[in-house]
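Have a look at the structure below, then the notes.
Protein chains: 2
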Amino acid sequence: MNVERLVDQMLTGDRRALARLITLVENGHPATNFILSRIQGRCGQAYVVGFTGPPGAGKSTLVDRFTGSLRARGYSVGIVAVDPSSPFSGGAVLGDRIRMQAHYLDESVFIRSMSTRGSHGGLARTTRQIVELLDAFGKSFVLIETVGVGQTELDVMRIADTTVVVLVPEAGDTIQTMKAGLLEIADIFVVNKADREGAARIKAELEAMLQLRPGESWSVPVVLTRAVSGEGVETLLEKVLEHRAWREKAGVQARQNAAVRQEEFLRALEEEIARRLASAVERGAFADVFDRLRQGTVDPYRAALEVVERGDAIVDALRA
Amino acid sequence: MNVERLVDQMLTGDRRALARLITLVENGHPATNFILSRIQGRCGQAYVVGFTGPPGAGKSTLVDRFTGSLRARGYSVGIVAVDPSSPFSGGAVLGDRIRMQAHYLDESVFIRSMSTRGSHGGLARTTRQIVELLDAFGKSFVLIETVGVGQTELDVMRIADTTVVVLVPEAGDTIQTMKAGLLEIADIFVVNKADREGAARIKAELEAMLQLRPGESWSVPVVLTRAVSGEGVETLLEKVLEHRAWREKAGVQARQNAAVRQEEFLRALEEEIARRLASAVERGAFADVFDRLRQGTVDPYRAALEVVERGDAIVDALRA
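Now the structure itself:
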């Protein structure tokens, strides 16, 4: 496989090449850093919106409708659905994706599901890299949807330019929101299924809690929606665009800033080293160490320390 | 802090030293591989029993009662409760742990909860390392309990010598069990809350499914329990001891075998390298690269490839 040609094909709009590159990056293919480096010149145009919130809040339907609104305005859309959860709840995600079939037929919408199983270097990092691929591919908006609200999902949301936290009017949700750290990460709150009892109350509670947040020039709005009927979705889009304008004015550039690039460099370096060590082992490197491990004359941790301290064996192994 | 002294104190039975060492390993302290190497001579005595199954199956209560049975026979017990799930379901775990207060007062029972948040190098690896610490501390049995049944939990269960899959009589559970890959990993099935309707039916279904498993000399039993009242718990313990005897006879030694040691060596090597790179960066290494990243004259992935290909910068950085 010629990875360079695949990247060129992707950059000229080949969806299948994009899909294959995403798979390569997900699996930690040896050319991962080469691929990501190749596309950097084309990145930085897409606006990334994250949707998170407890399961059952209707995020998938909302993302579906939001995509429709973006398409109606002529924007192209990439969607990454992130599911770190168990097979016991996995069925719902598949069902959700089937509901999005309308957009599957739309050439300007690219949808990709990710699970822990398919992610090599941590879900948040792999998601960031897939977002970069969709960005380089030319999507105007990339939407990231998570299934739950665990630590992994919070990490994933750090990639988003605008984070939308989706809740429902059920009692207790606001308390849970605070416990789960969602109050801190929300740029916009959505109370979905807003025809249910308690929608106005939870909106008021959220607004009261938001006033306790330390002074920021962006004031977090609470939007009422009914994703099923599409009510409120246009308002949500307006708020996202307002937040984007505010960010531009305020000079926020989280996804591409120097700190992120430095962190990416260190992670990419670690991964490159790990990949090359693994392939060196396949070629027979560290045979002496493996012998001693097999005989039980050294333990794995002592062996690791010895190899690192020797140094030269590592340099040999890193020569791809 | 003198890590060597801490290890010595732990090995003479100091519970606080054990707790501190677990924290160090969880956080990926620079001395992690040193600690793990130091204790290897004392490992290999503990028998590890894993408890997994869908949320709400009553695993915590079962582990509690199982601990009681082990204590009644004079065994010391270590418990690792693994929760990779979200803060939205986190409350239950805390509640479960509070229920185990009886055992907290028992000096021969050591309980530790772990979440994704607190685990540095992946939950399964960190769990394995904590099990090694409890083993070296002298526990006869180490019980691992997971909250759900996702991929992470399946990985965690690979550490166990005996894996107990806990289900309840509710309809649909058997199908879900197959989907979640639990049929393959179970050494023993428990149908808990066996006073509920459908217990006999699910037992029969499981036994029928188990006959489809390719020929093995261990025949997986299905044990009915009522953890709340303690019914069936002694039978479960008998089955675990039978499985242990079978393993010894069959010569199975999963946790300590050569393949595991080699895998541990590679992971320990990667982590040692990553830790030393990070601390080298704190001391000012790669300053030239960081300058170029800041100026935007190189992207993170290209920079990583360059550094690896140069080699010498890495060797310098690895000198602790």
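Protein chains in written order, with my numbering: chain A, 701 to 1020; chain B, 701 to 1020.
Ideal placement from N, C-alpha and C gives every residue a C-beta, glycine not left out.
With 16 or more neighbouring CB atoms inside 10 Å of its own CB, residue 893 of chain B falls in the buried class. Remark: C-beta atoms of residue 833 of chain B and residue 721 of chain B approach each other more closely than 9 Å. Contiguous alpha helix (DSSP H) elements confined to the region 725-780 of chain B occur at 732-739, 759-772, taking only those with 4 or more residues.
Judged by their CB atoms, residue 921 of chain B and residue 888 of chain B are nearer to each other than the 9 Å cut-off. Interface residue (Cβ-Cβ distance to chain B less than 9 Å): residue 1012 of chain A is classified as such. Counting along the chain, residue 854 of chain B sits inside the alpha helix (DSSP H) bounded by residues 851-857. According to DSSP, residue 844 of chain A shares a beta bridge with A:750, A:780. By the rule that beta-carbons nearer than 9 Å mark a contact, residue 869 of chain A does not touch chain B.
Excluding residues up to 5 positions away in sequence, 1014 lie with their Cβ nearer than 8 Å to the Cβ of residue 1008 of chain A in the same chain.
Ranked by how close their Cα comes to the Cα of residue 938 of chain B, the residues B:999, B:749, B:732, B:710 have B:749 in first place.
In the displayed model, residue 710 of chain B falls within a helix according to three-state DSSP. The beta carbons of residue 745 of chain B and residue 990 of chain A sit no closer together than 9 Å. Residues of the region 990-1010 of chain A whose Cβ lies closer than 7 Å to any Cβ of chain B, in chain order: 990, 993, 994, 999, 1000, 1001, 1002, 1003, 1004, 1005, 1007, 1008. Beyond the five residues adjoining it in sequence on each side, residue 829 of chain A comes within less than 7 Å, by CB distance, of 725, 736 in the same chain, given in chain order. In this structure residue 850 of chain B is buried. Its beta-carbon is surrounded by 16 or more other beta-carbon atoms within 10 angstroms. Here residue 867 of chain A is bridged, per DSSP, to A:891.
By the 16-neighbour rule on beta-carbons within 10 angstroms, residue 761 of chain B is buried.
Inter-segment contact for the region 966-984 of chain A and the region 960-976 of chain B is present: three or more beta-carbon pairs are separated by less than 8 Å. According to the DSSP assignment, residue 924 of chain A belongs to no alpha helix (DSSP H) but to the beta strand (DSSP E) extending over 922-924.
Residue 983 of chain B has a beta carbon lying at 9 Å or more from every beta carbon in chain A. Between the alpha carbons of residue 769 of chain B and residue 904 of chain B lies a distance of about 27 Å. The beta carbon of residue 1015 of chain A sits closer than 9 Å to some beta carbon of chain B. For residue 839 of chain A, there is no enclosing alpha helix (DSSP H), as DSSP marks it with neither H nor E.
Assignment of beta-bridge partners to residue 931 of chain B by DSSP yields B:926. Residues of chain A whose Cβ lies closer than 8 Å to the Cβ of residue 892 of chain B do not exist; the shortest such Cβ separation is about 16 Å.
Secondary structure at residue 813 of chain A: strand, using DSSP grouped into helix, strand and coil.
Looking at the DSSP output, residue 862 of chain B bridges to B:749. Residue 990 of chain A: member of the alpha helix (DSSP H) spanning 987-995, first to last residue. For residue 947 of chain A, no CB of chain B lies under 9 Å from its own CB, so it is not counted at the interface with that chain. When the beta-carbon positions are compared, residue 763 of chain A and residue 847 of chain A stay at least 9 Å from each other. Within 8 Å of the CB of residue 970 of chain A, the CB atoms of chain B belong to 970, 973, 974, 977, in sequence order along the chain. Neighbours of residue 740 of chain A in chain B, taken as residues at a C-beta separation under 9 Å, are given in chain order as 999, 1000, 1001, 1002. With a contact defined as Cβ atoms closer than 8 Å, residue 731 of chain A and residue 703 of chain A qualify at about 4 Å. The residue among A:933, A:826, A:752, A:1017 with its C-alpha nearest the C-alpha of residue 862 of chain A is A:752. A direct Cα-Cα distance of roughly 11 Å separates residue 743 of chain A from residue 711 of chain A.
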